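Beneath this line is the structure, given in structure tokens, with notes to follow.
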Amino acid sequence: MDMEEPPHLFLCPISMELMEDPVTVSTGVTYDRRSIERWLFSYGRTTCPATMQPLANLDLTPNHTLMRVISSWLDRGSSSSSSSSSPSTSSLSSPVHGLETPLSRMLEEERLRSALADLEETPFKVTALKNMRSYMAGDVAMQSVFVSSGGVEAVGRVMAQALAESGLGGDFSSFAACEEAAAVLALLPLSDEASVGLVLAPERLRPVMVLLQRGSAEARLHAMDILTKISNAGAGDQWAAGIDVDDVLKSLLELLADEVSARLSSRALDVLLDVVDRSPSGRSKAVEVGAVHVLVELLVVDADDRHVAERILLLLKRLCKCPEGRLAFAEHDLSVPAVARTMLRVSDLATELAVKVLWLVSVVAPSEKVLEDMVLTGAVSKLLGLLHVESAPSTKQKTVRMVRINEVFWRQYPCFPTDLKDNLSLLD
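The numbering of the sequence shown is the numbering used here, which starts it at 9 and goes up by one.
Rendered as structure tokens:
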């Protein structure tokens with residue numbers, strides 16, 4: 009029986025024949041020695057035939073890994089050729105039979121390592137980084153190979169170099185390389201202490217923060233993915249401690265205000281929560297750069313989106329714990345109606361958070377404007393409605409105290425519910 013067709017990865021890109029002596033050139037592409045030597049020395053070429061990139065040198069490095077894999081494939085082919093039950097060519101390339109898949113994986117891992125080794129020298133960094141993404145996308149094993157082979161450090165150096173070049177008037181490709189490098193890092197799970205520690209190094213974290221502030225929409229999303237994974241791994245305090253809070257907050261609020269995409273807004277809310285929680289000056293700085301205003305406006309638009317509404321209410325609750333936050337809340341004409349609208353409408357958690365926000369601005373540090381807005385916009389009626397439904401004991405307790413404490417003020421308004429006493433007497 010004839011030998012099966014070799015996997016295309018075993019074929020020389022020049023002759024398209026099975027490689028007998030595979031060697032790798034400076035661009036990371038592997039050829040059969042006879043073919044590449046003819047290209048270089050007989051024809052006098054100095055470029056890589058597959059990529060047409062200039063070769064940094066004419067060194068030919070034996071690819072022992074590929075040679076072993078090809079030899080293994082040849083041995084398997086020989087042993088199976090005598091068997092009448094040999095699988096077909098299509099079966100050989102099928103993951104079910106497991107012949108080409110393990111071999112291909114070894115080759116892909118070798119390609120990834122080779123690409124990493126040449127990454128800092130190649131002038132085509134964006135292309136090289138895109139190839140890395142394709143190697144690792146959805147493949148945890150390849151991502152592990154990337155980390156163990158020094159990939160985080162190599163990509164970090166590319167980001168720092170690209171950022172420096174773009175800052176010195178470099179062309180667009182420099183910043184594009186930085187963005188593509190962040191996309192590679194965003195693929196990693198970043199769930200273990202070692203890989204998180206690598207990304208947290210200042211020389212690698214700084215470019216991520218710059219992309220968050222100045223990158224394209226996709227680059228900002230990748231930057232926020234990286235930061236969210238770091239926080240989920242328990243290292244949020246470390247990255248938050250080394251940032252320029254003002255710049256980061258402004259960037260996040262700009263993303264939220266622009267509403268570029270739902271995914272981008274959702275991730276921006278996650279990172280904003282991290283900054284507010286973990287940075288010592290996070291709350292006051294967030295209020296200072298207009299967070300309350302942006303969040304209220306966003307809540308008006310997205311009140312029916314449960315996940316968005318809950319996170320906005322959580323942020324408002326935290327910001328209203330400081331005097332500046334309560335003042336900013338009181339100054340916005342839509343703050344009270346926007347928060348009240350979520351009660352008994354979005355979710356139990358949203359109702360609980362909304363009550364806590366109103367508690368902070370009407371009991372902890374009440375202002376006449378907030379109290380007036382609450383009765384005029386129907387927030388008081390919503391609170392009374394809460395007394396007739398199942399809710400958390402702490403939520404119901406806050407509701408009762410809120411109404412009792414402010415009853416005298418609210419009674420001066422014609423829209424004040426006349427059945428207030430009856431509602432409260434039910435709880436005595």
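Backbone N, C-alpha and C fix where the C-beta goes; we use that ideal spot for every residue, glycine too. Predicted, not measured: the structure shown is a model, and the values here were computed from it.
Simplified DSSP assignment, three categories, for residue i
i	result
L127	coil
V308	helix
V378	helix
L208	helix
L19	strand
T350	helix
Y39	strand
V31	strand
L198	coil
L215	Strictly speaking, residue 215 in this sequence is Pro, with Leu absent from that position. In this structure, P215 counts as helix in the three-state DSSP scheme.
L277	helix
L235	helix
P14	coil
P401	helix
P497	Coverage of the chain is limited to positions 9 through 436, which leaves residue 497 absent and any answer about it impossible.
P425	coil
T54	coil
P288	coil
L26	strand
D356	helix
Where residue i falls, given that 16 or more other Cβ within 10 Å makes a residue buried
i	result
C423	exposed
P30	buried
L66	exposed
M83	Per the sequence shown, the amino acid found at residue 83 is Asp instead of Met. Looking at its Cβ environment, which holds fewer than 16 other Cβ atoms inside 10 Å, D83 is exposed.
T130	buried
P62	exposed
E339	exposed
A202	exposed
E13	exposed
S224	exposed
M60	exposed
T54	exposed
E118	buried
F49	exposed
H315	exposed
A294	buried
G164	buried
R412	exposed
A209	exposed
R326	buried
A400	exposed
Neighbourhood of residue i by C-beta, 7 Å cutoff - its chain only, sequence neighbours within 5 removed
i	result
N139	A123
V383	W418, Y421, C423, F424
A1	What the structure shows of the chain is the stretch from 9 to 436, and residue 1 is not part of that stretch, so it cannot be assessed.
S182	A170, E173, S174
S343	V304, F337
W367	K406, M410
C328	R334, F337, V365, L368, V369
V37	P21, C56, A58, T59
S292	C330, E332
S92	In this prediction, S92 scores a pLDDT of 42, lower than 50, which makes its location untrustworthy; the coordinate-derived value is nonetheless stated afterwards. Answer for S92: no residue qualifies.
E226	none
G393	L352
Contact with chain D by residue i, beta-carbon distance below 8 Å
i	result
M27	The chain inventory of the structure shown lacks chain D, comprising one protein chain alone.
Neighbourhood of residue i by C-beta, 6 Å cutoff - its chain only, sequence neighbours within 5 removed
i	result
T351	The question names Thr, but residue 351 in the sequence shown is Met. Excluding positions up to five away in sequence, the list reads T359, A362, K390.
A387	V344, A348
R121	S157
Q449	A question about residue 449 goes unanswered here, because the residues of the chain that appear run from 9 up to 436.
S34	L63, A64, N65
L357	E318
D381	V344
V204	L198, I238, A241, A243
A373	R334
beta-carbon residue i near the ligand MG non-hydrogen atom, thresh 7 Å
i	result
M24	Questions concerning the ligand MG fall outside what the structure shown contains, since it holds no ligand whatsoever.
Contacting residues, own chain, Cβ-Cβ under 8 Å from residue i (five flanking each side not counted)
i	result
L379	S370, N414, F417, W418
S289	V253
Decide if the region 188-208 is in contact with the region 157-165; the criterion is three or more beta carbon pairs, one per stretch, under 8 Å apart. The region 188-208 is in contact with the region 157-165.
Is the region 253-263 in contact with the region 309-327, if contact means three or more CB pairs nearer than 8 Å? No, they do not touch.
Is the region 268-277 in contact with the region 238-247, if contact means three or more CB pairs nearer than 8 Å? The region 268-277 makes no contact with the region 238-247: fewer than 3 CB pairs, one atom from each, lie closer than 8 Å.
For the region 149-157 and the region 66-76, state whether three or more C-beta atom pairs, one from each stretch, are separated by less than 8 Å. Too few Cβ pairs lie closer than 8 Å, so no.
On the three-pair Cβ rule with 8 Å, is the region 207-224 touching the region 245-252? Enough Cβ pairs lie closer than 8 Å, so yes.
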